[in-house]
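Residue numbers (UniProt numbering), protein chains in the order written: chain A, 1 to 193; chain B, 1 to 193; chain C, 1 to 193; chain D, 1 to 193. Cβ coordinates follow ideal geometry from the N, Cα and C atoms, glycine included. Fair warning: this is a prediction, and the values are worked out from it, not measured in the lab. The structure appears right after this line, and notes come after that.
Protein chains: 4
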Amino acid sequence: MRSTRPGRARSESARLAIMHAAVRLLPELGFSGLTIERIASEAGVGKQTIYRWWPSKSAILAECVLEGLTPGFSPVVANSGDLEADLTEWLAVLQTALDEPGFRSLMRGMVVAAVEDDALRSALYENLALPSEPLLVERLEEARTSGQLRGSASPRVLAESLVGAVLYRLLATAADQSVRVDDLVELVAQPRR
Amino acid sequence: MRSTRPGRARSESARLAIMHAAVRLLPELGFSGLTIERIASEAGVGKQTIYRWWPSKSAILAECVLEGLTPGFSPVVANSGDLEADLTEWLAVLQTALDEPGFRSLMRGMVVAAVEDDALRSALYENLALPSEPLLVERLEEARTSGQLRGSASPRVLAESLVGAVLYRLLATAADQSVRVDDLVELVAQPRR
Amino acid sequence: MRSTRPGRARSESARLAIMHAAVRLLPELGFSGLTIERIASEAGVGKQTIYRWWPSKSAILAECVLEGLTPGFSPVVANSGDLEADLTEWLAVLQTALDEPGFRSLMRGMVVAAVEDDALRSALYENLALPSEPLLVERLEEARTSGQLRGSASPRVLAESLVGAVLYRLLATAADQSVRVDDLVELVAQPRR
Amino acid sequence: MRSTRPGRARSESARLAIMHAAVRLLPELGFSGLTIERIASEAGVGKQTIYRWWPSKSAILAECVLEGLTPGFSPVVANSGDLEADLTEWLAVLQTALDEPGFRSLMRGMVVAAVEDDALRSALYENLALPSEPLLVERLEEARTSGQLRGSASPRVLAESLVGAVLYRLLATAADQSVRVDDLVELVAQPRR
DNA sequence: AGCTAATCGAGACGGTACGTCCCGTCTTAGC
DNA sequence: GCTAAGACGGGACGTACCGTCTCGATTAGCT
Numbered sequence: 001m002r003s004t005r006p007g008r009a010r011s012e013s014a015r016l017a018i019m020h021a022a023v024r025l026l027p028e029l030g031f032s033g034l035t036i037e038r039i040a041s042e043a044g045v046g047k048q049t050i051y052r053w054w055p056s057k058s059a060i061l062a063e064c065v066l067e068g069l070t071p072g073f074s075p076v077v078a079n080s081g082d083l084e085a086d087l088t089e090w091l092a093v094l095q096t097a098l099d100e101p102g103f104r105s106l107m108r109g110m111v112v113a114a115v116e117d118d119a120l121r122s123a124l125y126e127n128l129a130l131p132s133e134p135l136l137v138e139r140l141e142e143a144r145t146s147g148q149l150r151g152s153a154s155p156r157v158l159a160e161s162l163v164g165a166v167l168y169r170l171l172a173t174a175a176d177q178s179v180r181v182d183d184l185v186e187l188v189a190q191p192r193r
Numbered sequence: 001m002r003s004t005r006p007g008r009a010r011s012e013s014a015r016l017a018i019m020h021a022a023v024r025l026l027p028e029l030g031f032s033g034l035t036i037e038r039i040a041s042e043a044g045v046g047k048q049t050i051y052r053w054w055p056s057k058s059a060i061l062a063e064c065v066l067e068g069l070t071p072g073f074s075p076v077v078a079n080s081g082d083l084e085a086d087l088t089e090w091l092a093v094l095q096t097a098l099d100e101p102g103f104r105s106l107m108r109g110m111v112v113a114a115v116e117d118d119a120l121r122s123a124l125y126e127n128l129a130l131p132s133e134p135l136l137v138e139r140l141e142e143a144r145t146s147g148q149l150r151g152s153a154s155p156r157v158l159a160e161s162l163v164g165a166v167l168y169r170l171l172a173t174a175a176d177q178s179v180r181v182d183d184l185v186e187l188v189a190q191p192r193r
Numbered sequence: 001m002r003s004t005r006p007g008r009a010r011s012e013s014a015r016l017a018i019m020h021a022a023v024r025l026l027p028e029l030g031f032s033g034l035t036i037e038r039i040a041s042e043a044g045v046g047k048q049t050i051y052r053w054w055p056s057k058s059a060i061l062a063e064c065v066l067e068g069l070t071p072g073f074s075p076v077v078a079n080s081g082d083l084e085a086d087l088t089e090w091l092a093v094l095q096t097a098l099d100e101p102g103f104r105s106l107m108r109g110m111v112v113a114a115v116e117d118d119a120l121r122s123a124l125y126e127n128l129a130l131p132s133e134p135l136l137v138e139r140l141e142e143a144r145t146s147g148q149l150r151g152s153a154s155p156r157v158l159a160e161s162l163v164g165a166v167l168y169r170l171l172a173t174a175a176d177q178s179v180r181v182d183d184l185v186e187l188v189a190q191p192r193r
Numbered sequence: 001m002r003s004t005r006p007g008r009a010r011s012e013s014a015r016l017a018i019m020h021a022a023v024r025l026l027p028e029l030g031f032s033g034l035t036i037e038r039i040a041s042e043a044g045v046g047k048q049t050i051y052r053w054w055p056s057k058s059a060i061l062a063e064c065v066l067e068g069l070t071p072g073f074s075p076v077v078a079n080s081g082d083l084e085a086d087l088t089e090w091l092a093v094l095q096t097a098l099d100e101p102g103f104r105s106l107m108r109g110m111v112v113a114a115v116e117d118d119a120l121r122s123a124l125y126e127n128l129a130l131p132s133e134p135l136l137v138e139r140l141e142e143a144r145t146s147g148q149l150r151g152s153a154s155p156r157v158l159a160e161s162l163v164g165a166v167l168y169r170l171l172a173t174a175a176d177q178s179v180r181v182d183d184l185v186e187l188v189a190q191p192r193r
């Protein structure tokens, strides 16, 4: 383990300014309209400072996702013992976030970016961001053992269906159309008697 | 009504060459790597000939989708009376198409393009391409009346969940991982006794 | 011989605007301070329009020299039959031009540029510009035959000495110090009795 | 008078490494291609060490000239009492140095640098380097009093003509063309009977 | 058959952004 | 306080495409 490299240390303030600028500009400009040059000038930073640390604009966004700079919704799925209630709450929170146009644009931009960058795709889908899918899978597995899960489909498929339904709404719909939370929950959860 | 304008008629061969070039290049270059200039040179066509007839590269792709130049899967959902069999077949066909890397790349590019262009989004999601979702909704509504649909969720939500699950797999997964067709069908269809 | 290439013809007005901008900016900025980007914006032209036709900024300047866009002094050496008078006049004209600070800076910039570009060096020294040396050699050869040339040194060496003396003054002297025209003439011409 | 300041003393080895690197790189890269960054890495030195002691790359070159790091010719003009012999020898030595391509490139680079930097211009022309012009003037003045100088032109003008002829050859000629030493001497010196 | 007019491939145009190189300054730890 | 190292904000480089604008050469329908 080497203690410190020689030379000036990386500027944390520049790093943060760049990431904040990226997140601020993405909804406004869309992914393809977002340029490194714009991010640099918005952040008050030289272009080289960006290129020194990130290979692409997607990579900047990936780091933003991993650092939680895309606020607005909780990826956490509660576990109250009642699957129906937990899913309803989780979807409602997600829905509320996606009802906000800025956040909608941000997430669309992220999805586009993720298509063209493996690191961002991992960051977005696997680790935490968009649907918090792994956490959801875990919750559904728990529900399987307690008999609250409908049918016999694997928790992974159920989770992907729920998240996919939200993703579909996000990408396919122009207007801000909400998902039908109740129906989605009913799809997965064993109705309580 | 004027049947034909004076002057030289639009060249059908140029039109087709452009669309074929676009579809051929999209998987290779990705949406952002695809340029009008490249399409023009690939098609052996002047740039102006493209700009004369299409407002953007997304518009070219939209026309390609509408003309069925993106081969490889049938958007048709059969109606044999047996929902389980029909869905299984439809998903299997879709899955086979998406197992081919070239087609996968093509569809990813299309999804990206659709995010930034309303016309293409309509062409892709509503009219026919990706999931043929309206046809699916129709089939599920029919199944509801004949009691083959599980639970009480609306056909639209069910359709979006199925299509969303496929979309999620397309976008979120790096490797060519298949969807679990059986589980997806089980999610929606009332199991036969 | 092909009559015309296909495609839009080169814009003469852009070509002239670029060359005029280069000549206007060179004295003000010096050769190393002169940038392609500045020339382009001064000329109201895209950078690519410059790079399409010239490989370097020196090449632009070379074309300017060849087209006579660097006004201010006559390279012509008169031949009145009186070498002493002819040389005195030629040097006086040259001196007057070089007394003007703008022209001085221009010529300094040209000399610098010529060091790093073969084409410009030819344009500057051999064809016409700075000293009109070939014309001077010719005049001196004529004088040799009519016995007006002092000593036996070759006309080429004499010409280079005269031009060199001017060049030396141009490069080595900060302030606008004139050459001593009389002494230079005396160096070369047989004094009239 | 304080003999030494507190703190670490300036590194003489770094100073020499920088100047040697500059002189080594100048012929290879030309003046505009020579960068501080390249000099620093060639010298194995931090950039700041250069900027701390020199204001510009011309200043480094000026110091090189003053320290005699540009080897290859003697600026000294002998005084044997025989002007013709002394000039012939001086020009021959100069010519030999300038016949070497590396030295030629070096001197061209120096001349370019001198155009854009007053300090270097002084160092190059007035103090010692290129032509040792002041020494030459002195020698010619001596010759005037002893009647060895041709005509009545001022020694300064004669010196500038000789040096200018060499300078002209250096700048204007692509190939390594020699000056005609005999003719140049004849131009200035009273022929011995 | 000639005229008119919109098309075609080609490619130059004024621009914007790219990703790189270097500027001159600043900030590290080490001697 | 100097050193090597190297990050910083900035500016220019030369390239790739953008979408527009000529070019001369077709090629259709209408006189």
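- With respect to chain A, the C-beta atom of B:LEU187 has a partner C-beta closer than 8 Å.
- In the structure shown, A:LEU69 falls within a coil segment according to DSSP collapsed to helix, strand and coil.
- Closest option to D:LEU69, judged by alpha-carbon separation, among D:LEU91, D:GLU42, D:THR49 and D:MET107: D:MET107.
- Proximity of C:ASP99 to chain D, defined by a Cβ-Cβ separation below 8 Å, is not satisfied.
- Bounds of the alpha helix (DSSP H) holding C:LEU167 are 155-172.
- In summary, the residues of the segment 17-46 of chain D whose CB is separated from some CB of chain C by less than 7 Å are GLY30 and SER32, in the order they occur in the chain.
- Taking CB atoms only, A:ASP183 has a neighbour in chain B less than 8 Å away.
- Going by beta carbons, C:PHE31 and C:ALA113 fall inside the 8 Å limit.
- Against B:SER152, the close residues of chain A are GLU186, in the order they occur along the chain (beta-carbon pairs closer than 7 Å).
- Taking all protein chains shown into account, D:GLU67 has fewer than 16 neighbouring C-beta atoms within 10 Å of its C-beta and is therefore exposed.
- Spanning the alpha carbons of B:GLY109 and A:GLU116 requires a straight line of approximately 9 Å.
- Residues of chain A with a Cβ closer than 8 Å to the Cβ of B:TYR51 do not exist, since the nearest Cβ in that chain sits about 18 Å away.
- For the options A:GLY7, A:LEU167, A:MET19 and A:ALA172, the alpha carbon positioned closest to that of A:GLY44 is the one of A:MET19.
- If you keep only unbroken alpha helix (DSSP H) runs of at least 4 residues inside the segment 72-126 of chain C, you get 83-99, 101-115 and 118-121.
- Apart from the 5 residues on each side of it in sequence, D:LEU124 sits with its Cβ closer than 7 Å to the Cβ of VAL65, MET110, ALA114 and LEU130 in its chain, given in chain order.
- Non-local C-beta neighbours of D:ALA40 in its own chain, meaning closer than 7 Å and more than five positions away in sequence, comprise GLY46, LYS47 and ILE50, ordered along the chain.
- Scanning its chain for C-beta atoms nearer than 7 Å, with the 5 sequence neighbours on each side dropped, one finds around B:ARG169 the residues GLN177 and VAL179, in chain order.
- Think of a sphere of 8 Å around the beta carbon of D:ALA59: no beta carbon from chain C falls inside it, the nearest being about 15 Å out.
- By a beta-carbon distance limit of 8 Å, D:VAL76 contacts D:LEU135. Their separation comes to about 7 Å.
- Put simply, the backbone Cα of B:LEU29 is about 39 Å away from that of A:GLY7.
- Across the set B:GLN95, B:ARG10, B:ALA143 and B:GLY151, the C-alpha of B:GLY151 shows the shortest separation from the C-alpha of A:LEU187.
- Non-local beta-carbon contacts of C:ALA59 in its own chain, meaning distances under 8 Å to residues more than five positions away in sequence, involve ASP117, ALA119 and LEU120 in chain order.
- According to DSSP, residue pairing for C:ALA189 in a beta bridge involves C:LEU149.
- A:GLY44 sits in coil when the DSSP states are folded into three classes, being neither helix nor strand.
- Take the alpha-carbon of C:SER56 and the one of C:LEU34: they are about 11 Å apart.
- Taking a Cβ-Cβ cut-off of 9 Å, the neighbours of C:ARG169 in chain D comprise GLU160 and GLY164, given in sequence order.
- Apart from sequence neighbours up to five positions away, the residues of its chain that approach C:SER105 with a beta-carbon distance below 6 Å are PRO27, ordered along the chain.
- Contacts between C:VAL112 and chain D, judged by CB atoms closer than 7 Å, involve VAL112 and VAL115 in chain order.
- Proximity of C:ARG139 to chain D, defined by a Cβ-Cβ separation below 8 Å, is not satisfied.
- For D:ARG52 and C:GLU142, the gap between their C-alpha atoms comes out near 58 Å.
- The beta carbon of D:ALA123 sits no closer than 8 Å to any beta carbon of chain C.
- B:ARG5 counts as exposed, since fewer than 16 other beta carbons sit within 10 angstroms of its beta carbon.
- In the same chain as A:ASP86, and ignoring 5 residues on each side of it, the C-beta atoms closer than 8 Å to its own belong to VAL77, ALA78, ASN79, SER80 and ARG139, in chain order.
- For B:ALA174, the residues of chain A that pass the 9 Å Cβ criterion are ASP118, ARG121 and SER122, in the order they occur in the chain.
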